[in-house]
Structure formats: C-alpha cells, structure tokens
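The working numbering numbers the first residue of the sequence shown as 4 and each following residue consecutively. In what follows, a single structure is set out as structure tokens and then discussed.
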Amino acid sequence: MATKNHNLSVFDSPVPSAEDMKFGIVVAEWNHQVTEGLLAGAVRTLREAGCPDHNIQIKYVPGTFELALGAQFFAEYTDVDAVIALGCVIQGDTRHFDFVCQGATQGITQLMINWNMPIAFGVLTTNDLQQALDRSGGKYGNKGDEAAATAIKMVKLQIDMEAASDKTDPKEVN
C-alpha cells in the first residue's frame, strides 16, 4: 500500500511486548534532519512496547550505504535480538540514488539471511526532502515507528518458531 494511503505509525495488528528483547539501532548521519526523526519514532515504539532503555543501543554510520556494515557490527559484537536500520536517500540529479538504494537493500537482506537475525529496513527513498519529512514524523507518520514494530514482530516470530521446534521430536520430522 502506498504511504500516502497509510500512516506509517498505525499498525494493522498489535505489537507484541518487547519487555525482554534487546535492540540495536543503526542510524545514518546523512540527512540527519530526517534520520533523527526516524530514530525518535523507533525509540518511542520500542519503549511503548515495554523495551527498557538499557536494552536499546544506538550507533551512527556516515550514510545509508554503510547501514549494512553497522548492522553486521551489532550482530557480531553485541547480544541484540534484532537491528533496526534507519536511513534516508533523497533522489538527486544522478544515478547515485539508485546505487545507494540498491546497495543498502541488498546488503541488509544478505545480512539478515546470513546472520539469521531480524534486521528491520527503516530506509526512506524519496523524491525530495518534503516527502522524507512527511514520513519521518510528519503527515504520513514515521517509518521509524514501522521499523521498530517490524523488528519486535520478527523477534517474537523467531522466539515462537524456536520454541515450537524445541518441542518437535526430531524423529517425527522427515
């Protein structure tokens, strides 16, 4: 569904409790006016779901392209359950936009699969600054809220799936 038809801060299903979950948030410094708004939304959503502040770690990387490596550092060097990657790429006059968006998307996807860890993709890719502001706490809500809710839901899914697999007798699985 297009963002203009859906508020990013309104969820279609309830967000599970994050009381016992740990999150890393990696934030791009580039377009900081936007990414700080995304960060505020993500932290607010985590807190509202019961995640204590001491279970939220925040680190910065220079830009959106570096989000994948920043998220990998969280996976390698911390005990977080999930990472929330927050960035913003605004269309310019060159193809640089395409390369950064593609690199960030592929990098985060590859990282999520390789590390078997939820990594929420909270990256805005917009035509202009106003669209980014509208989606980082403006009239269309906050993509940071959505990314945090996604991270919580994916951690809960992983916990549930791991618990279910522990109850399955390996002899019964073909």
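Glycine residues also receive a C-beta, built at the ideal position from the N, C-alpha and C atoms.
Three or more C-beta pairs under 8 Å: does that hold for the segment 15 to 30 against the segment 58 to 69? yes
Return the first residue and the last residue of the beta strand (DSSP E) that Ser139 is part of. Ser139 to Gly141
Output the distance between the C-alpha atoms of Leu49 and Glu149, rounded to the nearest integer angstrom. 10 Å
Looking at the structure shown, is Asn34 part of a helix, part of a strand, or coil, going by DSSP? coil
Taking the alpha helix (DSSP H) that Gln113 belongs to, which residues open and close that run? His99 to Trp118
Local conformation of Gln60 per DSSP, three classes: strand
DSSP beta-bridge partners of Asn145: Ser139
Assigned secondary structure, Met4 (DSSP; H/G/I helix, E/B strand, else coil): In this prediction, Met4 has a pLDDT of 44, which is less than 50 and means its spatial position is unreliable; nothing more can be read from the coordinates.
Below 7 Å CB to CB, which residues in the same chain sit around Val37 once its five sequence neighbours on both sides are set aside? Cys91, Leu127, Ala135, Leu136 and Ser139
DSSP state of Gly125, grouped into three classes? strand
Cα separation between Gly44 and Phe124? 14 Å
Among Gly66, Val46, Ala52 and Gln75, which residue has its Cα nearest to the Cα of Pro121? Gln75
By the DSSP assignment, the beta strand (DSSP E) with Ala85 in it spans what residues? Ala85 to Ile93
On the DSSP bridge list, what partners appear for Phe26? Ile59 and Ala85
Contact between the segment 81 to 90 and the segment 153 to 171 is defined here as three or more beta-carbon pairs at a separation below 8 Å; is this criterion met? yes
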